[in-house]
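Trainee:
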Amino acid sequence: MTPGSPTEPVRRRRSTARHAAVLVGGAVFVMWAVATLTFFAIRLIPGDPAQAILGGPGSQASQEALDLVREEYGLDQPLVVQYLAMLGRLLTGDLGSSYALRVPVADLLAAQVGGTLLLAVLSLALAWMLALGLALWSTGRGRIAAAVGEGVELTAAALPHFWLAGVLIAVFSSGLGWLPPVATGTPAGLVLPVVTLAVPLAGFLAQVMRESLLDALEQPFVVSARARGESTAGVRLRHTIRHAALPGISLSGWALGWLLSGAVVVETIFAMPGLGRTLLQAVTLRDIPVVVGVVLFVALVYVVMTVVTDLVARVADPRLRQEGAR
Amino acid sequence: MRAAPVNRRPLGRSALIAAGLVSALALAGCQADEPQASDEPVEGGTLVYASGDAEPTCLDPHVGGNYPQALIAGQFLESLVSRDDSGEIIPWLAESWEASEDGLAWEFTLRDGVTFTDGTPLDAEAVKVNVEHLRDPATQSSTGYLAMGKVERVEVVDDLTARFVLTTPDSALLESLSQPWTAIQSPAGIARGLEENCEAPIGTGPFVVDEWVKQDRVMLVRNDEYSSPPADAGHEGPAYLEAIEWRFVPDAASRYAALQGGQVDVIDNPQPDTIAAAEESGNLTWLDAPRPGASNRIELNSGQAPFDDERVREAFIRAVQVDEGIDALFFGTAERSYSALSSVEALAYSDAARFEPDLERANELLDEAGWTERDADGTRLKDGQPLTLRFPVSTNQSIPAEQSLFEQVQATAKEAGFDVVIDLLDLSSWYGRLFANEYEIVSAPYTKVGPDVLRILYHSDSITPAPSGYFANLAQLDDPEVDALLTEAAAESDADARADLYEQAQQRILGGYYLLPLYDQQNSFLLDPSVRGARAMPTVSTPSFHDAWLAD
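From first to last, the protein sequence lines stand for chains F and E.
Heads up, the first sequence is in our numbering, so the first residue is 36 and it goes up one at a time.
Heads up, the second sequence is in our numbering, so the first residue is 828 and it goes up one at a time.
See the structure below:
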């Protein structure tokens, strides 16, 4: 299945249909594996789901109440039966109901997904702008600029979200009073959360972009472009930026998933509603259907983004469209 | 939006508390306040409250029954009785009450003319439905269910008279009924079923649940027909505020920043350092409202070695030093306790001498108890077994300052040869350790109105786990004399005799070195100075905004 070397014969070429089938099959496998792992992993940590339903850990529920709940939610069944029941439900597209909130998981996710996706997409966009700007500025300008660029990238990539969020709140909310520390659905409230998520990501993206940019700048086509009389800026904008963007595009699928996990911290600190906080609360309460639902959703985003970035990369880089080449 | 702070003069702690309790009845000795120009309440406005407690999964405190539910339910639900600052039970939805000679029947006369916000009248039938709701396993009640443990049934005597029939006399009945977990809701609201009632319970309170946006906020709007404040309220009639926006802001630093920036008006669960900073700046009001029931304390598991030996228990308590740690880590916001009960409980008995640190004595006691060897790390040994104390700590319940304090406990206990192993755990895992008896010391809060909490925490019946695995007697104190005193106290209707029994019980509990009291269960609110008239209920210290208004 691994792409062969460019010298492999034509039979390596996969039809579009086969390519799609492999993608879909892979996606289904990933989703199944994720659901299975999550289902069993959450049972490895201590905590009784029946208690989660009855007012959280440490509840002093009566035997009758516990029995009633165990029966209602099928928790009295063997684990394998519960697992198969969950798979059966998932196959029909039913994510089940939250133990703690007593509402369908699908409704819960639908209500929270918008906020988190907006946060993730804005952060990704900002990270891209920062990364491209930094990479373009710091390459081909001599050692000092390269060193500065590298330093900034490494530092940014290493910043933990909770720390960065704390500093941003201290400076821009408590100190200068420009931006609210609690996001209340206003555009101003989104600024600090988006910056918190974007800066470390920009560090990562800029690192890989700068490397490919350096590669590209040494390519013969740069020399011929310059020979045709194009300016430095022209070369960068028209020719090398594509090369710089390529690994960034491939990374964006990963990055969106990474942003969703970063959302757990950022949503909690800035008190924004969203999937991250939903997940945190669900894990604390051992609300298994919600945990499985959120994790499946994030997995789905990863899978979809992998496919999309694969396609976008083919558009951006003509070499990928040629048979066998990869 | 935010006016200049009214008072930049640093105030003493007691003055600030008083300022917070602007109902001021306690101060003025029940005389009417002399109205000052600036103290005239202003109608209208929306108060923004930022809560650091977990967001409830159900707004009906009958279901489950935890503190986050109580915090918000107090805005829209009311109880039969309340408690005033001196600890006296006072009328609320019930105007008066009387117990029968044998203590097995209590008749409550309800306030006339009160209606729930759905228009249903408050009557004896409603009280009956509520008690049945609490006792029904399908309600999934835990706290309220326990509080009604001795109630067999409620009889409707007439429209406004409800008779509670008990299985055994219960001197804590009124205290149990003053809690938000037994608040009275509209029977029509309850009849809608668990799911719908969880979204927006219907009560008689000064505010009504308008909308609950999960993980974001609950919008509460004024009940314009409100007519049933508790007897110690500052005014009759509807609230001054038009609405309360109740937001969930889990991060302590963000919460404080939002208060400083004027984005919110009130926050709960401020960390000790921010309380100290707020006090220093002088432009925020600190409302210090310790919770009732038990103090925060370290329990020593006497059910197994090494703490089944009283000498080892005393040695631990003599070895550990917490005073400096409390001062430094809590920035002077927490006062050392020497009682099993919260300082808000009138019957709390303190014995400071019992907890005087004395390392020399601790070493003597351990030598006496046979822990004579030491290993390379200085940990004492007996028959080759190290003197290890497992200390599971719940990160949900112990704030960072408390976690640091436990490290000081660890360090000071080490000098006497104890090897304290602290384990930071999430709530479910923490309970898992307790249920499996995998602890020698533990600190667990317990909030309940009145000294009957002692029976829950130290009666040997509470060693037997509930069906869920839970047991409250974490010290595993098993003393027939303590049992007898607490049982007798719970059935004693004479106030003086009851107080005497509780004092004897506390002396015996403290005397057996089963616990190390630390401080009251901390519960604080920070308010923007424009918020006036807010107070903490003297029942379970939840905030009340019926008398609150926003000065501009």
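Idealized CB from N, CA, C, for every residue including glycine.
What is the DSSP secondary structure of E861 (chain E), counted as helix, strand or coil?
Mentor: Taking the first residue of the second sequence as 1, we reach residue 861 (chain E) at position 34. Bear in mind that a pLDDT of 41 at E861 (chain E), under 50, signals an unreliable position, so the number given afterwards is only what the model happens to contain. Coil at E861 (chain E), not helix or strand.
Trainee: If you run the structure through DSSP and keep just helix, strand and coil, what is Y876 (chain E)?
Mentor: On the second sequence, residue 876 (chain E) is found 49 positions in, with the first residue counted as 1. Strand at Y876 (chain E).
Trainee: Which residue comes first and which comes last in the beta strand (DSSP E) that contains A268 (chain F)?
Mentor: For the purposes of this step, residue 268 (chain F) is identified with residue 233 of the first sequence, where counting begins at 1. Run containing A268 (chain F): none in the beta strand (DSSP E); it sits in the alpha helix (DSSP H), 267-270.
Trainee: Name the chain E residues whose beta carbon is nearer than 8 Å to that of E99 (chain F)?
Mentor: Working through the first sequence from its first residue, we reach residue 99 (chain F) at position 64. Those within 8 Å of E99 (chain F) in chain E are P964.
Trainee: Identify which residue in F:Q316, F:V230, F:G269, F:T319 has its Cα closest to the Cα of L294 (chain F).
Mentor: For the purposes of this step, residue 294 (chain F) is taken as the residue at position 259 of the first sequence. Among F:Q316, F:V230, F:G269, F:T319, the Cα nearest to that of L294 (chain F) belongs to F:V230.
Trainee: Tell me whether R938 (chain E) sits in a helix, a strand or coil according to DSSP, three-state version.
Mentor: What you label residue 938 (chain E) is simply residue 111 of the second sequence in a count that begins at 1. Three-state result, R938 (chain E): coil.
Trainee: Output, in sequence order along the chain, the residues in the stretch 1031-1052 of chain E whose CB is closer than 9 Å to any CB in chain F.
Mentor: V1040, K1041, Q1042, D1043, R1044
Trainee: Could you please give the first and the last residue of the uninterrupted alpha helix (DSSP H) stretch that includes K955 (chain E)?
Mentor: Position 128 of the second sequence holds residue 955 (chain E). Membership of K955 (chain E) in the alpha helix (DSSP H) is indicated by the continuous run 951-962.
Trainee: Using DSSP bridges, identify the partner residues of T1215 (chain E).
Mentor: Numbered from its first residue, the second sequence carries residue 1215 (chain E) at position 388. In DSSP, T1215 (chain E) forms a bridge with E:D1246.
Trainee: To the nearest angstrom, how far is the alpha carbon of A842 (chain E) from that of I1029 (chain E)?
Mentor: Taking the first residue of the second sequence as 1, we reach residue 842 (chain E) at position 15. Taking the first residue of the second sequence as 1, we reach residue 1029 (chain E) at position 202. Annotation note: pLDDT 40 at A842 (chain E) (below 50); position unreliable, coordinate value reported separately. Answer to the nearest angstrom: the Cα atoms are 37 Å apart.
Trainee: Using a threshold of 7 Å, state whether the C-beta atoms of A223 (chain F) and L214 (chain F) are closer than that.
Mentor: Residue numbering aside, residue 223 (chain F) sits at position 188 when the first sequence is read from its first letter. Residue numbering aside, residue 214 (chain F) sits at position 179 when the first sequence is read from its first letter. It is a contact, given that the beta carbons lie within the stated cut-off.
Trainee: Could I get the ranges of all uninterrupted beta strand (DSSP E) runs contained in the stretch 1019-1087 of chain E, with 3 residues as the minimum, in chain order?
Mentor: With a minimum length of 3 residues, the unbroken runs of beta strand (DSSP E) contained wholly in the stretch 1019-1087 of chain E fall at 1034-1040, 1044-1049, 1070-1075.
Trainee: Count the C-beta pairs between the stretch 258-265 of chain F and the stretch 325-337 of chain F that are closer than 8 Å, then say yes if the count reaches three, no if not.
Mentor: These segments do not touch.
Trainee: Going by CA-CA distance only, name the one from E:T936, E:P948, E:L1021 that's closest to L987 (chain E).
Mentor: As a first step, residue 987 (chain E) must be located in the second sequence, where it is residue number 160. Of the candidates E:T936, E:P948, E:L1021, the one whose C-alpha sits nearest the C-alpha of L987 (chain E) is E:T936.
Trainee: Would you be able to state if there are at least three C-beta pairs under 8 Å between the stretch 928-946 of chain E and the stretch 74-82 of chain F?
Mentor: no
Trainee: At least one CB of chain E closer than 7 Å to the CB of S22 (chain F): is that the case?
Mentor: Coverage of chain F is limited to positions 36 through 361, which leaves residue 22 (chain F) absent and any answer about it impossible.
Trainee: Indicate whether at least one CB of chain E lies closer than 7 Å to the CB of Q86 (chain F).
Mentor: If you number the first sequence from 1, residue 86 (chain F) lands on position 51. Cβ-Cβ to chain E under 7 Å: yes for Q86 (chain F).
Trainee: Do you know offhand how far E1072 (chain E)'s Cα is from V1276 (chain E)'s?
Mentor: Residue numbering aside, residue 1072 (chain E) sits at position 245 when the second sequence is read from its first letter. Residue numbering aside, residue 1276 (chain E) sits at position 449 when the second sequence is read from its first letter. So the two alpha carbons sit approximately 28 Å from each other.
Trainee: Bridge partners of F64 (chain F), per DSSP?
Mentor: Along the first sequence, one-based indexing puts residue 64 (chain F) at 29. DSSP, once it has assigned bridges, lists no residue as partnering F64 (chain F).
Trainee: On the premise that L961 (chain E) lies in contact with T1009 (chain E), defined as a C-beta separation below 8 Å, what is that separation, rounded to the nearest angstrom?
Mentor: Taking the second sequence and counting its residues from 1, one reaches residue 1009 (chain E) at position 182. Taking the second sequence and counting its residues from 1, one reaches residue 961 (chain E) at position 134. Confirmed, about 7 Å.
Trainee: Restricting to Cα atoms, I'd like to know which of E:S1255, E:E915, E:A1322 is closest to P81 (chain F).
Mentor: Along the first sequence, one-based indexing puts residue 81 (chain F) at 46. When only C-alpha atoms are compared, the closest one is E:S1255.
Trainee: Could you check which residue in F:E99, F:L89, F:S97 has the C-alpha nearest to that of D887 (chain E)?
Mentor: Within the second sequence, the letter at position 60 stands for residue 887 (chain E). Of the candidates F:E99, F:L89, F:S97, the one whose C-alpha sits nearest the C-alpha of D887 (chain E) is F:L89.
Trainee: Would you kindly report the start and end of the unbroken alpha helix (DSSP H) that includes D322 (chain F)?
Mentor: Mapped onto the first sequence, residue 322 (chain F) falls at position 287. Run containing D322 (chain F): none; DSSP gives neither H nor E here.
Trainee: Would Q858 (chain E) be called buried (16 or more neighbouring beta carbons within 10 Å of its own) or exposed?
Mentor: By 1-based counting over the second sequence, the position of residue 858 (chain E) is 31. Residue confidence is low: Q858 (chain E) scores 39 on pLDDT, short of 50, so the model does not pin down where it sits. Its coordinate-derived value is still stated next. By the beta-carbon neighbour count (other beta carbons within 10 angstroms, threshold 16), Q858 (chain E) is exposed.
Trainee: Could you have a look at D929 (chain E) and say whether DSSP puts it in helix, strand or coil?
Mentor: Reading the second sequence from its first residue, position 102 is the one you call residue 929 (chain E). Coil at D929 (chain E), not helix or strand.
Trainee: Would you mind sorting P1057 (chain E) into buried or exposed? The rule is 16 or more other CB atoms within 10 Å of its CB.
Mentor: Here the question's residue 1057 (chain E) lines up with position 230 in the second sequence. Classification for P1057 (chain E): buried.
Trainee: Using a cut-off of 9 Å between C-beta atoms, extract the partners of L225 (chain F) located in chain E.
Mentor: Taking the first sequence and counting its residues from 1, the one referred to as residue 225 (chain F) is at position 190. Chain E residues near L225 (chain F): none, gap ~14 Å exceeds 9 Å.
Trainee: Could you round the C-beta distance between Y1423 (chain E) and F1218 (chain E) to whole angstroms and report it? I think they count as a contact, below 8 Å.
Mentor: Nothing can be reported for residue 1423 (chain E), as the shown portion of chain E is limited to 828 through 1379.
Trainee: Taking contact to mean at least 3 C-beta pairs separated by less than 8 Å, is the stretch 295-312 of chain F in contact with the stretch 224-243 of chain F?
Mentor: yes
Trainee: Listing by chain order, which chain F residues have their CB less than 7 Å from the CB of F1075 (chain E)?
Mentor: Residue numbering aside, residue 1075 (chain E) sits at position 248 when the second sequence is read from its first letter. Here the neighbours are A306.
Trainee: Can you grab the Cα-Cα spacing for the pair L838 (chain E) / F903 (chain E), in whole Å?
Mentor: Within the second sequence, residue 838 (chain E) is the residue found at index 11, counting from 1. Within the second sequence, residue 903 (chain E) is the residue found at index 76, counting from 1. Confidence in L838 (chain E) is poor, its pLDDT being 37 and thus under 50, which makes the residue's placement unreliable; the coordinate value appears in the next sentence. So the alpha carbons of these two residues sit roughly 33 Å apart.
Trainee: If you run the structure through DSSP and keep just helix, strand and coil, what is L1157 (chain E)?
Mentor: The count along the second sequence starts at 1 and reaches residue 1157 (chain E) at position 330. Looking at the sequence shown, residue 1157 (chain E) is not Leu but Phe. Here F1157 (chain E) sits in coil by DSSP.
Trainee: So what does DSSP say about D911 (chain E), is it helix, strand or coil?
Mentor: Residue mapping note: residue 911 (chain E) aligns to position 84 of the second sequence, counting from 1. Three-state DSSP puts D911 (chain E) in coil, outside helix and strand.
Trainee: Contact between the stretch 1120-1131 of chain E and the stretch 1299-1313 of chain E is defined here as three or more beta-carbon pairs at a separation below 8 Å; is this criterion met?
Mentor: yes
Trainee: What three-state label does DSSP hand V1276 (chain E) in the structure shown?
Mentor: Position 449 of the second sequence, counting from 1, holds the residue named residue 1276 (chain E). It is coil, neither helix nor strand.
Trainee: How do the stretch 314-325 of chain F and the stretch 170-190 of chain F stand: do at least 3 beta-carbon pairs fall below 8 Å, yes or no?
Mentor: no
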